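First residue of the sequence shown? That's 1 in full-length UniProt numbering, and the numbers climb one at a time after it.
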Amino acid sequence: MTDIRFDGRVAVVTGAGNGLGRSYALELAKAGAKVVVNDLGGSGAGVGASTSAAERVVQEIRDNGGEAIANADTVATRAGGAAIVQAALDTWGKLDILISNAGFLRNNRFEDLTDEQIDPIIDVHLKAAFYVGQPAYRAMRAAGYGRMLFTGSASAMFGHAWQANYAAGKAAMLGLSNVIALEGSAYGIQSNVMMPTASSRLEGEMTSGYMEIPQFAKSFESADFSITEGRMGPEFNTPLALYLVSEESTATHGVYSSNSGRYARVRICVAEGWVAPKGNVPPSIGDIGAHFDKISELGNYSEPMTGYDEFTASANAARKQGVYP
Numbered sequence: 001m002t003d004i005r006f007d008g009r010v011a012v013v014t015g016a017g018n019g020l021g022r023s024y025a026l027e028l029a030k031a032g033a034k035v036v037v038n039d040l041g042g043s044g045a046g047v048g049a050s051t052s053a054a055e056r057v058v059q060e061i062r063d064n065g066g067e068a069i070a071n072a073d074t075v076a077t078r079a080g081g082a083a084i085v086q087a088a089l090d091t092w093g094k095l096d097i098l099i100s101n102a103g104f105l106r107n108n109r110f111e112d113l114t115d116e117q118i119d120p121i122i123d124v125h126l127k128a129a130f131y132v133g134q135p136a137y138r139a140m141r142a143a144g145y146g147r148m149l150f151t152g153s154a155s156a157m158f159g160h161a162w163q164a165n166y167a168a169g170k171a172a173m174l175g176l177s178n179v180i181a182l183e184g185s186a187y188g189i190q191s192n193v194m195m196p197t198a199s200s201r202l203e204g205e206m207t208s209g210y211m212e213i214p215q216f217a218k219s220f221e222s223a224d225f226s227i228t229e230g231r232m233g234p235e236f237n238t239p240l241a242l243y244l245v246s247e248e249s250t251a252t253h254g255v256y257s258s259n260s261g262r263y264a265r266v267r268i269c270v271a272e273g274w275v276a277p278k279g280n281v282p283p284s285i286g287d288i289g290a291h292f293d294k295i296s297e298l299g300n301y302s303e304p305m306t307g308y309d310e311f312t313a314s315a316n317a318a319r320k321q322g323v324y325p
């Protein structure tokens with residue numbers, strides 16, 4: 001495949017002052033995109049603010065012959081999100097790409113999480129996706145083209161002890177992106193979620209306290225890290241992120257994983273399950289227990305793309321099991 005270019009495209013990358021966002025912004029600009037480099041400049045725990053992080057990335061882009069502007073508005077308020085998108089519109093008159101990447105960690109046991117550890121995490125992940133995403137979507141809809149990429153996490157899809165707040169915010173990206181993909185399909189807008197894996201400054205916000213959970217500790221200690229050496233930098237995630245927001249990509253309504261140079265689709269599917277006997281009498285709790293192995297068996301499965309698709313999948317299962325003709 002020839003190199004994928006972004007000439008003439010305008011992108012907003014949030015949290016682009018460091019790590020993954022910085023890599024996305026640099027490579028987009030290198031491939032011809034004009035980039036709003038957004039970063040509040042806080043720590044990995046979301047403390048403090050500074051314009052220097054975004055300005056350094058912009059200078060690096062300009063030194064390499066690219067076009068970029070710095071923006072230090074917060075993604076965690078409606079006014080901040082609107083200002084970020086408006087910066088793109090005021091400078092270049094349009095917005096084609098949004099990579100919603102900003103975020104931070106505040107880890108603790110589930111039962112010990114405080115409002116100060118929950119609310120800011122929800123604000124910077126879930127609410128920010130609305131606050132930046134809504135004005136971005138409006139601009140894309142008006143133009144009849146757009147690419148949106150939301151940052152998910154294996155902590156949400158698969159689980160990570162001591163990260164209930166972060167996992168809840170990241171899991172919400174799936175539902176949000178799916179709806180945007182459906183609504184955006186009428187206006188040339190595609191939306192996906194990417195689960196990156198990278199060594200970054202956020203690691204400094206993690207402690208080993210989660211190893212108190214035996215099941216989690218066993219998973220960590222038995223994990224095979226043999227392919228990770230030299231492959232955990234942000235740059236290993238960037239090719240997938242940029243492809244998903246490129247004009248060449250037709251992918252939408254999806255979740256994709258990037259882990260140590262392995263790139264894969266992550267699926268949410270529904271098993272065939274067990275269908276209760278024909279009629280309008282619901283099964284008993286005992287019926288559920290008696291058929292729970294069948295209910296839990298993945299076996300044949302379908303992948304509903306809307307909630308209504310599941311009705312069709314249920315009808316197909318009923319016919320297959322001879323419950324309904």
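Each residue gets a CB set at the ideal place from its N, CA and C atoms; glycine is no exception. None of the values given here were measured: they were computed from a predicted structure.
Query, Result
"In angstroms with no decimal places, state the Cα-to-Cα distance between V57 and R22.", "7 angstroms"
"Counting pairs of beta carbons, one from the region 274-281 and one from the region 218-225, are three or more of them closer than 8 angstroms?", "no"
"Quick check: what's the CA-CA separation for residue 328 versus I288?", "The structure shown does not extend to residue 328, since the chain is modelled only from 1 through 325, so no value can be given for it."
"With a floor of 3 residues, list each beta strand (DSSP E) that falls wholly inside the region 257-312, ordered by position along the chain.", "262-266"
"Residues in the same chain with beta-carbon distance under 6 angstroms from I295, minus the five sequence neighbours each way, listed in chain order, please.", "G273, W274"
"Locate the beta strand (DSSP E) running through A323, then write down its first and last residues.", "It should be pointed out that residue 323 corresponds to Val in this sequence rather than to Ala. Element bounds for V323: n/a, residue is neither H nor E."
"Around the Cβ of M194, are there at least 16 other Cβ atoms within 10 angstroms (buried) or fewer (exposed)?", "buried"
"For A70, collect the residues of the same chain with a Cβ closer than 6 angstroms to its Cβ; drop the 5 residues on either side in sequence, then sort them by chain order.", "V37, A54, E55, V58"
"Do S100 and T14 count as a contact pair if the criterion is CB distance below 8 angstroms?", "yes"
"Please name the residue or residues paired with E235 in a DSSP beta bridge.", "Its beta-bridge partners do not exist; DSSP assigns none."
"Go ahead and pull the three-state DSSP assignment for L113.", "coil"
"According to DSSP, is L149 helix, strand or coil?", "strand"
"Quick one: is D63 buried, meaning 16 or more other Cβ sit within 10 Å of its Cβ, or exposed?", "exposed"
"Leaving aside the five residues before and after G254 along the sequence, list all residues of the same chain whose C-beta is less than 7 angstroms from its C-beta, in chain order.", "N192, R265"
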